[in-house]
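Undergrad: Counted the way my numbering counts, the sequence shown spans residues 1 to 413.
Just so it is clear, CB atoms sit at the ideal spot from N, CA and C, and this is done for glycine as well.
First the structure, then my questions, so here it is.
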Amino acid sequence: MDPFSTAARAATDRLRTLFEPTPLQLNDHLSSRYGAEVYLKREDLTPVRSYKLRGAFTAMGHAIDEGQRTFVCASAGNHAQGVAYACRHFGARGTIFMPVTTPQQKIDKTRTFGGDSVEIRLTGDYFDQTLAAAQAFAAETGAHFLSPFDDADVIRGQASVGVEILDQLGAPPDLVILPVGGGGLSSGVTRYFREAAPETRFLYVEPQGGASLTAALAAHEPVTLKRVNTFVDGAAVARIGALPFEILGSVPPENVLLAPEDRICITMLEFLNVEGIVLEPAGALSVDVLPGLADRIAGKRVVCVTSGGNFDFERLPEVRERANRFAGLKKYFILRMPQRPGALKEFLSMLGPDDDIARFEYLKKSARNFGSVLIGIETKEADNFAHLTDALDAAGFAYRDITDDEALAEFLI
């Protein structure tokens, strides 16, 4: 057996001192919908609610074997929590750099997992500043810097997800769907399966606003994205890791799928409401693409890796907002309202019985003849908006739909 397979198996065995294998669950709801056997590999059920603990523990364990006892990382989320948990387990010392803008909930969870074994330092408004500070500190103190994905030991640790899948199924699945951020999980599981079950096929899912693997495959090398949408914070990476890309560089580009951020919100809400499963945006990536794969997965055995469940419920209103907008159930307009008696009443009469005004704000309060109004409308059926805009056109009301205008939406909504 190839040395990587042996190393991945050894990493998996060592992880058993920390936690049992995460469940591989046949999901009846998804299986019935797609006429397939759809399994969820529940990485949202590790002790820190994400797979990141695997790589942090494995890399830290190897460094400790080599005599290292102090560690540094930079992270605002799952990697920080994995490092903190591993530090406490090994009795090692960790310094965790987090951006100043990190939500208090994430800081508190990291501190809880690490206890007295970790020190948290809030540095920089943006992650690049935080990362630079962490790496400089590691160089100054001689501490071991723990990369979240671009590290051979981390990749080996994440490969344990693949080891468990094969052990739990007892036979290779037809298809594994993996989320991709920096590439640690996807490269580790891919490499293990290439050796242990080469007949299994893979699909990879990136957030549309952070498609670093797609960009790297097009350029035949890792490239840095000029802009990243950070909503899918567990996978919004501007540049895929060099080591992961050595493994993923031969992936056919058509096997990498993009998930729109707002559509992911629909998937998150469905899992919460139907299954009672809390997934963070990155954790929902693998199941978000299933509707577009119905013909390809019918009759197949499919494994979707749900990579994490660290979701701050303070974000729930934003998730609902995004989901409704993507589904066409909520729109925002700038309406040019005539400044005459009865104009508002006339507009209200155009709304249907299922239409609800969720936002109404005058943008220009001093106009004599017309006033610009920001108006948000929710409805139960997307087709209802066609009736509303037809009525506005017939009445001669000037309006602009700004729902998908990112620049205006950022400032006004």
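Would you report the Cα separation of Pro-260 and Arg-340, rounded to the nearest angstrom?
TA: Pro-260 and Arg-340: Cα-Cα distance of roughly 42 angstroms.
Undergrad: Judging by CA-CA distance, which residue of Ser-212, Glu-314, Leu-166 is the nearest neighbour of Pro-198?
TA: Of the candidates Ser-212, Glu-314, Leu-166, the one whose C-alpha sits nearest the C-alpha of Pro-198 is Leu-166.
Undergrad: Return the first residue and the last residue of the alpha helix (DSSP H) that Val-72 is part of.
TA: No alpha helix (DSSP H) holds Val-72; the beta strand (DSSP E) holding it covers 70 to 74.
Undergrad: Please report the straight-line C-alpha distance between Leu-24 and Lys-380, rounded to a whole angstrom.
TA: In a straight line, the C-alpha of Leu-24 is about 36 angstroms away from that of Lys-380.
Undergrad: For the segment 271 to 326, list the alpha helix (DSSP H) runs that are entirely contained and at least 4 residues long, ordered along the chain.
TA: Runs of the alpha helix (DSSP H) inside the segment 271 to 326: 285 to 288, 294 to 297, 316 to 326.
Undergrad: Given a cut-off of 7 angstroms on the beta-carbon distance, is the pair Gly-283 and Val-237 in contact?
TA: It is not a contact, given that the beta carbons lie outside the stated cut-off.
Undergrad: With a threshold of 7 angstroms between beta-carbons, can Ala-216 be considered close to chain B, or not?
TA: Among the protein chains of the structure shown there is no chain B, as only one such chain exists.
Undergrad: Identify the continuous beta strand (DSSP E) that holds Gln-25 and give its terminal residues.
TA: 24 to 26 is the extent of the beta strand (DSSP E) around Gln-25.
Undergrad: Below 8 angstroms, how does it come out for the segment 130 to 141 and the segment 95 to 105: are there three or more Cβ pairs, yes or no?
TA: Taking 8 angstroms as the limit for Cβ pairs, the verdict is that the segment 95 to 105 does touch the segment 130 to 141.
Undergrad: Tell me Asp-356's beta-bridge partners as DSSP assigns them.
TA: Partner(s): Glu-378.
Undergrad: Cβ of Arg-111 within 7 angstroms of Cβ of Gly-309?
TA: No, these two residues do not count as a Cβ contact at 7 angstroms.
Undergrad: Please report the straight-line C-alpha distance between Glu-361 and Leu-258, rounded to a whole angstrom.
TA: Taking the straight line joining both Cα atoms gives about 35 angstroms.
Undergrad: Specify, as a first and last residue, the run of the alpha helix (DSSP H) that Ile-247 falls within.
TA: Per DSSP, Ile-247 belongs to the alpha helix (DSSP H) from 242 to 248.
Undergrad: Can you tell me whether DSSP reads Ile-402 as helix, strand or coil?
TA: Note: Ile-402 maps to coil in three-state DSSP.
Undergrad: Under three-state DSSP, which class holds Ala-7?
TA: DSSP places Ala-7 in helix when its eight states are reduced to three.
Undergrad: Would you kindly check if the distance between the Cβ of Val-100 and the Cβ of Asp-128 is under 7 angstroms?
TA: In this structure, Val-100 does not lie closer than 7 angstroms to Asp-128 by Cβ.
Undergrad: Taking the alpha carbon of Phe-231 as the point to measure from, which residue in Pro-173, Arg-322, Ile-240 has its own alpha carbon closest?
TA: The option with the nearest alpha carbon to Phe-231 is Arg-322.
Undergrad: Just the Cα atoms here: how many angstroms apart are Gly-115 and Asp-108?
TA: Roughly 10 angstroms separates the two Cα atoms.
Undergrad: For a quick check, are the C-beta atoms of Thr-190 and Ile-247 less than 7 angstroms apart?
TA: The answer is yes: Cβ separation under 7 angstroms.
Undergrad: Using only the alpha-carbon positions, how far apart do Tyr-275 and Val-287 sit?
TA: This sequence places Glu at residue 275; Tyr is not what is there. Using only the alpha carbons, I get a separation of about 13 angstroms.
Undergrad: First and last residue of the beta strand (DSSP E) that includes Leu-203?
TA: From DSSP, the beta strand (DSSP E) with Leu-203 extends over 201 to 207.
Undergrad: At the level of alpha carbons, what is the spacing between Thr-58 and Leu-279?
TA: Each residue's Cα considered, the two are about 24 angstroms apart.
Undergrad: Can you list, in chain order, the residues of its chain whose CB lies under 8 angstroms from that of Cys-87, leaving out five sequence neighbours each side?
TA: Counting only Cβ-Cβ distances below 8 angstroms, and skipping sequence neighbours, we find Met-60, Phe-71, Arg-93, Gly-94, Gly-114, Ser-117, Val-118.
Undergrad: Could you please give the first and the last residue of the uninterrupted alpha helix (DSSP H) stretch that includes Leu-169?
TA: Per DSSP, Leu-169 belongs to the alpha helix (DSSP H) from 160 to 169.
Undergrad: Using 7 angstroms as the threshold, is the C-beta distance between Ile-377 and Lys-331 below it?
TA: Yes, Cβ-Cβ distance for Ile-377 and Lys-331 is below 7 angstroms.
Undergrad: When you compare the segment 168 to 183 with the segment 23 to 42, are there three or more beta-carbon pairs, one atom per stretch, that lie closer than 8 angstroms?
TA: The segment 168 to 183 vs the segment 23 to 42: in contact.
Undergrad: Could you please give the first and the last residue of the uninterrupted alpha helix (DSSP H) stretch that includes Tyr-51?
TA: Neither: Tyr-51 is in no alpha helix (DSSP H) and is coded neither H nor E.
Undergrad: Please say whether Ile-334 and Ile-402 have beta carbons closer to each other than 7 angstroms?
TA: In contact: Ile-402 and Ile-334 (Cβ atoms closer than 7 angstroms).
Undergrad: Give the DSSP bridge partners of Glu-119, in chain order.
TA: BP columns for Glu-119 point to Thr-95.
Undergrad: Rounded to the nearest angstrom, what separates Ala-215 and Leu-225 at their Cα positions?
TA: Taking the straight line from one Cα to the other gives about 8 angstroms.
Undergrad: Under a Cβ-count criterion, where at least 16 other Cβ atoms within 10 Å of its own Cβ denotes burial, should Lys-345 be classed as buried or exposed?
TA: Answer is exposed; the Cβ neighbour count stays below 16.
Undergrad: Can you give me the Cβ contacts of Ala-398 inside the same chain, cut-off strictly under 7 angstroms, excluding the 5 residues immediately before and after it?
TA: Here the set comprises Arg-336.
Undergrad: Return the chain-ordered list of same chain residues with a C-beta closer than 6 angstroms to the C-beta of Ala-219, the five sequence neighbours on each side being excluded.
TA: No residues qualify anywhere along the chain.
Undergrad: DSSP three-state call for Phe-347: helix, strand or coil?
TA: It is helical.
Undergrad: Using only the alpha-carbon positions, how far apart do Tyr-34 and Ala-74 sit?
TA: Taking the straight line from one Cα to the other gives about 40 angstroms.
Undergrad: Rounded to the nearest angstrom, what separates Leu-213 and Val-256 at their Cα positions?
TA: Spanning the two alpha carbons is a distance of roughly 8 angstroms.
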